[in-house]
Every structure is written in structure tokens, then in C-alpha cells.
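Structure first, then comments.
Number of protein chains: 2
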Amino acid sequence: MIIREKEPANLEMPFGTLDGFITPNDRFYIRSHFPVPQIDRSTWRLRLEGAVESPLELSYDDLCGLPSTTIPATLECAGNGRVFLVPKVKGTQWELGAVGNAQWTGVSLGEVLRRAGVKAGALEVILEGADCGTISESPKPAGKIHYARSVPLSKALEGVLLALEMNGEPLAPSHGFPLRAIVPGWFGMAAVKWLQRIVVTEQAYNGYYQTVDYAFWQRDEAGVELVPVTQMQVKASIARPGINEVIPAGTEFKVRGAAWTADARITKVEMSVDGGVTWEEASLGEETAPNCWQLWEWNWKTPATPGRCILMARATDSRGRIQPMERDLDRGSYEINHCLPIEVEIR
Amino acid sequence: MIIREKEPANLEMPFGTLDGFITPNDRFYIRSHFPVPQIDRSTWRLRLEGAVESPLELSYDDLCGLPSTTIPATLECAGNGRVFLVPKVKGTQWELGAVGNAQWTGVSLGEVLRRAGVKAGALEVILEGADCGTISESPKPAGKIHYARSVPLSKALEGVLLALEMNGEPLAPSHGFPLRAIVPGWFGMAAVKWLQRIVVTEQAYNGYYQTVDYAFWQRDEAGVELVPVTQMQVKASIARPGINEVIPAGTEFKVRGAAWTADARITKVEMSVDGGVTWEEASLGEETAPNCWQLWEWNWKTPATPGRCILMARATDSRGRIQPMERDLDRGSYEINHCLPIEVEIR
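Protein chains in written order, with the numbering used here: chain B, 17 to 363; chain U, 17 to 363.
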């Protein structure tokens with residue numbers, strides 16, 4: 017793993033090691049905002065409160081006793097690819113590997129919400145982690161805050177998983193043990209780790225991690241507004257070759273990578289080896305599932321003469337969304353899904 | 017006027033010159049975010065759009081022809097007193113004089129909204145100025161933005177004035193010519209200058225100047241949330257003596273200042289000359305009006321022996337709100353209404 021920050025741990029999968037539909041746990045990227053909280057499984061509780069008929073307090077064993085389901089889902093950090101942005105923007109300088117696809121096993125959040133009885137008028141559901149600390153840059157709250165994100169009630173009622181296991185193993189501490197929210201289709205910041213509290217609210221939640229952090233600017237008739245980062249954006253990413261990789265001239269090279277989007281299927285991945293002037297269609301792998309990446313590959317007949325080539329991949333999804341060629345600057349330091357140039361050397 | 021920033025102009029009244037209920041135009045503080053926009057009165061239009069039955073476009077003469085009203089209102093910059101914060105926080109380093117009280121003449125926003133016909137489902141009203149520019153610090157929108165703030169529809173329908181005149185004169189360019197919103201009881205950031213567009217919206221507005229800027233952190237059961245700065249907070253401010261003023265020992269000194277709050281009356285101003293240990297009640301001036309400051313004075317028998325004294329004023333309003341002694345750090349760089357120490361020398 018590539019270390020982007022030692023403590024708290026922010027680790028990235030070397031994306032060139034991509035070799036299957038499922039990312040092994042020990043190669044799954046780790047994004048932490050605060051140190052890993054010390055949690056004792058026997059005393060840990062998940063509290064569910066706010067606009068519900070009966071607030072709940074569930075132990076680890078309680079959760080293990082509820083109906084369980086397993087779904088695969090891709091998580092991508094909202095800042096994945098940030099190191100490609102010039103000039104540099106603030107935030108962890110991820111290359112391509114802050115993304116992974118795993119099987120998640122746990123309890124449906126909707127099931128738990130229905131047990132508590134959501135009141136009429138409920139609007140959002142806040143997911144709060146046990147991880148906490150202070151913020152150093154302004155604008156900042158004065159004291160300690162917990163990592164927390166909200167999802168709309170409709171999303172919380174269907175589609176969000178309270179995951180106890182990752183690829184068939186209990187969550188590791190760095191991945192959120194004992195409980196992590198999985199919000200399929202959304203960037204990883206919604207997949208709150210070390211989940212300890214769920215609050216149903218009747219008003220839009222404006223927590224730190226969806227206003228000052230993990231938010232971007234959107235222009236419409238009313239003006240420019242701050243909106244939270246939510247859904248992953250259509251994107252194809254090249255795993256091999258890597259940047260500056262030396263490739264033999266006049267041979268065949270298997271270019272490969274993964275492509276993903278949200279609430280849609282990947283319908284096409286195209287490859288360009290001339291910096292985006294011409295494109296050829298790549299082959300999509302067979303394994304696929306909703307809100308999961310899809311592997312792809314493309315056989316490149318490399319040029320006969322030495323020189324530099326700029327490779328780009330471009331994905332299209334079933335909603336007709338195509339990866340943009342240019343960066344949308346209003347996205348700030350998030351949602352980096354424009355076609356990224358992978359420059360290689362033919363020798 | 018004390019210059020806090022040359023261009024755009026940010027000027028402060030030397031608060032020691034406070035000498036009446038109404039602040040003269042040439043001593044009224046100026047807060048600008050961008051350069052003064054060049055506006056031609058004959059071609060300028062106020063547009064009213066969004067969730068209304070009939071969008072309107074009003075000329076200066078149209079507005080002059082509508083029923084006119086005059087109200088006094090105090091405007092205080094949300095960062096007034098910031099220079100007292102240690103450690104220093106970012107923002108214009110105002111002392112005490114980013115506050116003033118004027119007579120504002122113009123047209124009721126509610127009247128104009130009723131002419132346009134607000135649709136059912138409308139929630140907020142965005143007030144947009146003609147002033148615009150780019151933001152340099154992250155998180156920031158990429159391109160130019162206009163200064164804009166919203167008010168809840170209920171507030172917009174009663175109480176907001178579209179002011180053409182300030183103390184009986186047409187607005188000066190630096191005060192928002194041709195039109196400025198006056199939102200009585202709210203900090204000055206809501207009093208949008210160079211008003212050019214009013215947008216009725218069906219969703220909460222999350223513009224730059226009420227999220228990243230002019231917002232603070234509020235803690236409740238759901239966690240910590242970013243909320244826009246809105247109402248002025250109860251506050252008494254000492255105009256004389258000034259900081260480090262030398263005062264004769266064993267005499268009478270008339271301490272004076274102003275006190276204000278929002279949607280309530282000032283019921284009491286107390287003075288302390290021992291840093292907040294003991295308090296005596298000051299006399300309130302007779303002139304008063306809703307959402308306006310009230311002058312006050314207190315006769316101080318100065319100590320017989322030389323030394324330093326720390327003066328503090330403390331206001332209480334008719335809703336029982338009392339100025340706090342300590343700074344609420346979650347307020348960040350805004351709403352500085354804790355009792356500020358004015359240290360003087362007895363000689």
C-alpha cells in the first residue's frame with residue numbers, strides 16, 4: 017500500500033495491482049480523518065435516535081442476530097485522482113488507487129429504521145462514527161467533532177447497509193470495526209466507519225463533512241451554491257500501464273483497468289493512445305453488479321517507433337453520462353472524473 | 017473613518033465619535049466584498065424571479081413610484097469587535113465601529129413580492145447584489161460569484177425594506193446605490209447592497225456567504241452543524257472612554273455607548289470598572305425604536321489613586337438575553353458579543 021498519511025492512516029492501493037473484481041481486504045484503500053477509535057465489542061452499542069417512535073440501542077450481538085444480507089459495492093474516495101490536479105489542491109494527494117470493490121455483509125439500515133419507527137416529517141438520517149477530533153483549518157468548529165454524514169431518508173430506507181463484514185471477515189479496525197455504513201453508489205465519505213449513532217432528523221443536516229468538507233459548488237438560476245458530494249461519477253481508470261511505464265515498441269500490450277458509475281451500468285469504455293484525439297472501444301469484463309466497478313481491457317498494438325504516448329480511458333454509462341475531457345473547476349478538490357492522462361514511454 | 021482595507025473599501029467609524037441616535041452617512045461603516053459596481057440609474061433594473069406567478073423587472077423610477085416607508089434600523093457587521101479576539105481570527109480586523117443606525121427610506125419587499133405573487137411552496141428569498149468577483153481561499157467556487165444572501169420567506173414578507181435612501185439622501189455608491197436591502201434585526205451581511213436580483217426559491221439556499229462565509233457552528237443533539245449568521249446578538253458597546261484613554265483620578269467621567277439586540281428591547285445596561293466583578297446600572301437614552309440601538313451613559317467617579325482599570329458594559333434585553341462574559345468559540349469569527357474589556361489609565 018502507498019502511504020499518503022501515516023497517522024491517521026491514509027493508505028492507497030497501488031492501482032497497477034488491480035487483478036480481480038473483488039479487492040482483497042489488505043489492498044483496500046484506507047481513508048481516516050481521526051485516529052482509529054478504541055472500541056470494545058462487548059460494550060459497544062449502536063444508538064438509533066431522533067425522529068423515531070422507539071429509540072433503539074443495539075449491541076454487536078443484537079446486530080448479528082438480525083437478518084443478514086451480502087452485497088458487493090465499490091467505494092471510491094471523493095478525492096481519488098487528486099494528485100493529477102494542477103495547480104495542486106488541498107487534501108490527501110491520492111493517485112488512482114483510493115477505490116476498491118468488496119462484498120459487504122450486514123443488516124439493512126431500512127430494516128433497523130422500520131423497527132424504530134420513523135416519524136412522519138423525517139427528512140434525513142445522520143450516520144455518526146466514533147472517530148472524533150479537532151479541525152485545524154478555518155472555518156472550523158471550536159471543539160471536538162465526530163465524523164458524520166447524512167443520507168436522505170429515502171436512500172436510508174432502501175440501499176444502505178450496516179456492514180459487519182468485509183469480504184467474509186469481520187471488519188478490521190482500520191475499516192471501521194465493528195460497524196460501517198455502506199451507501200452503494202455514493203463516494204466513500206458516506207461509508208461512515210466505526211458507526212455508533214444514527215440520528216433521524218426533520219431538517220437538512222449541515223455537518224462539517226458535507227459543507228466545508230466533501231462539498232462543491234453548483235451553478236443554477238439561483239446562483240452558486242454549496243452542495244454535498246454524494247454519488248460517484250462515471251469514470252474509467254487505467255491500472256496498467258502505469259504512469260511513465262516503459263513499453264516495448266511494436267508489440268501487443270494489454271491495457272486494463274476498471275470503470276464505475278452510480279445507479280447505472282457501464283455501457284462502454286473507450287481508449288485513446290493519442291491524448292484523446294481518436295478512441296477505440298475496450299472489452300468489458302463479465303463480472304458486474306449494481307454500483308460496482310467493471311473491469312475492462314484493450315489490446316494495444318504499440319507503435320513501431322520509440323516515443324511518448326498519452327493514454328486515456330473514457331467511460332459511458334446507461335444513463336448516457338460520459339466522462340468529461342476537462343476538469344470542472346467548481347468541483348474543487350472532489351469528484352475528479354475527467355479523463356486522466358497516463359503518459360508512457362515506447363522504447 | 018478608520019481604514020481597514022483600502023480596496024475594496026472597508027471603513028470603520030471611530031466609535032469614540034458616537035454622538036447621537038442617528039449615525040451621519042459620512043460616519044456610517046462601509047463593508048465591501050468586491051469593488052463598487054458601476055451602475056447607471058437609467059438602465060439599472062431590479063429583477064424579481066423564481067417561484068413567483070409574474071416575474072417583475074422594476075426600474076429606479078418604478079421603485080420611486082411605489083408606496084414609500086421610512087424606518088430606522090441598526091446595522092452591525094457580523095465581525096464587529098473582531099480585533100479583540102486572541103488568537104487573531106481571519107477576516108477584517110474591526111474594532112468597535114462597524115455598527116451604525118440610520119433612517120432608511122424605500123419600498124417594502126413584501127409589497128413587491130405580493131405584486132409578483134409568491135407561489136405556494138416558496139421557502140426563501142435570495143437577495144443578490146451587482147457586486148461580484150472571485151474568492152481566493154478554499155473552499156471556493158471556481159469563477160466569479162455575486163454577493164448574495166437569503167432570508168426566510170416569512171421574514172421577506174414582513175420587515176425587509178428595499179431602501180433607496182439613507183438618512184434622507186439617495187444611497188451613496190459605497191452604501192449600495194441604487195438599492196440596498198435592509199433586514200432589521202439581522203447583522204449587516206443581510207443588508208445586500210447594489211441589489212439587482214431577488215430570487216424566490218423552494219429550497220434552502222446554500223450560497224457562499226451563508227455557508228463558508230458568514231456562518232458558524234451550532235451544537236445540538238444531532239451533532240455540530242454549520243448555520244448562517246442571521247440575528248444581531250444582545251450587546252452593549254463602550255464609545256467613551258476609548259482603549260488606553262488617560263482619565264484624571266478622583267473626578268467624574270461620563271462613560272457612554274450604545275446597546276442593541278434583535279426583536280426585543282434593551283432593558284438594562286450595566287457597567288463594571290473592575291473587569292466584571294461588580295456592576296452598576298447605566299441610564300438608557302430616551303430615543304428608541306425596534307431593532308435600533310439605544311444610547312446609554314453612566315457617571316463614573318474615577319478612583320482617587322492612579323492605576324489601570326478594566327471597563328466592561330453588559331446589556332440585557334426584554335427576552336432575558338444577557339451578554340455573555342466569555343467568547344463562544346463555535347461562533348468562529350462572527351457574533352462577537354461577549355463583554356469586551358476596555359482598559360484605561362487613571363492618572
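All C-beta atoms in this analysis are idealised placements derived from N, C-alpha and C, irrespective of residue type, glycine included.
{"query": "For alanine 320 of chain B and glutamate 144 of chain U, what's the separation of their Cα atoms in angstroms?", "result": "60 Å"}
{"query": "Compare the C-beta of alanine 238 of chain U with all C-beta atoms of chain B and state if any pair is closer than 8 Å.", "result": "yes"}
{"query": "Compare the C-beta of proline 71 of chain U with all C-beta atoms of chain B and state if any pair is closer than 8 Å.", "result": "no"}
{"query": "As an exercise, report each continuous beta strand (DSSP E) stretch of at least 3 residues that is fully enclosed by the region 252–305 of chain B, in chain order.", "result": "268–276 and 282–288"}
{"query": "Can you give me the Cβ contacts of glutamate 28 of chain B inside the same chain, cut-off strictly under 7 Å, excluding the 5 residues immediately before and after it?", "result": "Met17, Ile18, Arg20, Tyr45, Trp110, Glu111, Gly113 and Ala114"}
{"query": "Return the Cβ separation of leucine 139 of chain B and glutamate 69 of chain B in integer angstroms, given the expectation that the two are a contact with Cβ distance under 8 Å.", "result": "Not confirmed; about 16 Å, so no contact."}
{"query": "DSSP on alanine 132 of chain U, reduced to helix/strand/coil?", "result": "helix"}
{"query": "For leucine 143 of chain U, does the three-state DSSP call read helix, strand or coil?", "result": "strand"}
{"query": "Does any C-beta atom of chain B lie closer than 8 Å to the C-beta of lysine 270 of chain U?", "result": "no"}
{"query": "Taking the alpha-carbon positions, what's the leucine 64 of chain B to proline 155 of chain U distance?", "result": "32 Å"}
{"query": "Name the chain B residues that come within less than 9 Å of histidine 162 of chain U, Cβ to Cβ?", "result": "Gly239 and Val240"}
{"query": "Going along chain U, which residues have a C-beta under 9 Å from aspartate 147 of chain B?", "result": "Correct list: empty, because the minimum Cβ distance to chain U is about 13 Å."}
{"query": "What residue from U:Phe193, U:Cys308 and U:Lys171 has the CA that sits closest to tyrosine 76 of chain U's CA?", "result": "U:Phe193"}
{"query": "Taking Cβ positions, are methionine 205 of chain U and tyrosine 221 of chain U nearer each other than 8 Å?", "result": "no"}
{"query": "Exposed or buried, what is valine 102 of chain B when buried is set at 16 or more other beta-carbons lying within 10 Å of its beta-carbon?", "result": "exposed"}
{"query": "At 4 residues or longer, and completely inside the region 79–138 of chain U: list those alpha helix (DSSP H) runs for me, N to C.", "result": "125–132"}
{"query": "Against chain B, with Cβ distances strictly below 8 Å, would aspartate 346 of chain U count as a contact?", "result": "yes"}
{"query": "Going by DSSP, name the residue or residues bridged to serine 166 of chain U.", "result": "U:Ile142"}
{"query": "Of the residues U:Ile263, U:Leu177 and U:Pro30, which one's Cα is nearest the Cα of isoleucine 214 of chain U?", "result": "U:Leu177"}
{"query": "Measuring only the C-alpha atoms, how far is arginine 165 of chain B from arginine 324 of chain B?", "result": "44 Å"}
{"query": "Starting from the beta carbon of threonine 217 of chain U, find every residue of chain B whose beta carbon is closer than 7 Å, and list them in chain order.", "result": "Ala238"}
{"query": "Just to confirm, is the Cβ distance from aspartate 344 of chain B to arginine 235 of chain B under 8 Å?", "result": "no"}
{"query": "DSSP beta-bridge partners for aspartate 56 of chain U?", "result": "DSSP output for aspartate 56 of chain U lists no bridge partner at all."}
{"query": "Restricting to Cα atoms, I'd like to know which of B:Val271, B:Trp309, B:Glu153 and B:Arg272 is closest to threonine 283 of chain B.", "result": "B:Trp309"}
{"query": "Using the three-state DSSP reduction, which class does methionine 248 of chain U fall into: helix, strand or coil?", "result": "coil"}
{"query": "Tell me the start and end of each unbroken beta strand (DSSP E) in the region 170–194 of chain U that is at least 3 residues and wholly inside, in chain order.", "result": "177–182"}
{"query": "Using three-state DSSP, classify arginine 343 of chain B as helix, strand or coil.", "result": "coil"}
{"query": "Would you verify that the beta carbon of isoleucine 214 of chain B is, or is not, closer than 8 Å to some beta carbon of chain U?", "result": "no"}
{"query": "Tell me the residue span of the beta strand (DSSP E) that contains valine 216 of chain B.", "result": "211–217"}
{"query": "Would you tell me roughly how many angstroms separate the C-alpha atoms of phenylalanine 269 of chain U and methionine 248 of chain U, rounded to the nearest one?", "result": "29 Å"}
{"query": "Looking at the strands, I want to know which residues DSSP matches up with cysteine 308 of chain B.", "result": "Per DSSP, none; premise fails for cysteine 308 of chain B."}
{"query": "Roughly how many angstroms separate the alpha carbons of isoleucine 263 of chain B and leucine 300 of chain B, rounded to a whole number?", "result": "23 Å"}
{"query": "So which of U:Ser253, U:Asp35 and U:His49 has the shortest CA-CA distance to alanine 146 of chain U?", "result": "U:His49"}
{"query": "The beta strand (DSSP E) that contains glycine 323 of chain B, what's its start and end?", "result": "323–333"}
{"query": "First and last residue of the beta strand (DSSP E) that includes serine 75 of chain U?", "result": "72–75"}
{"query": "By DSSP, does alanine 231 of chain B sit in helix, in strand, or in coil?", "result": "strand"}
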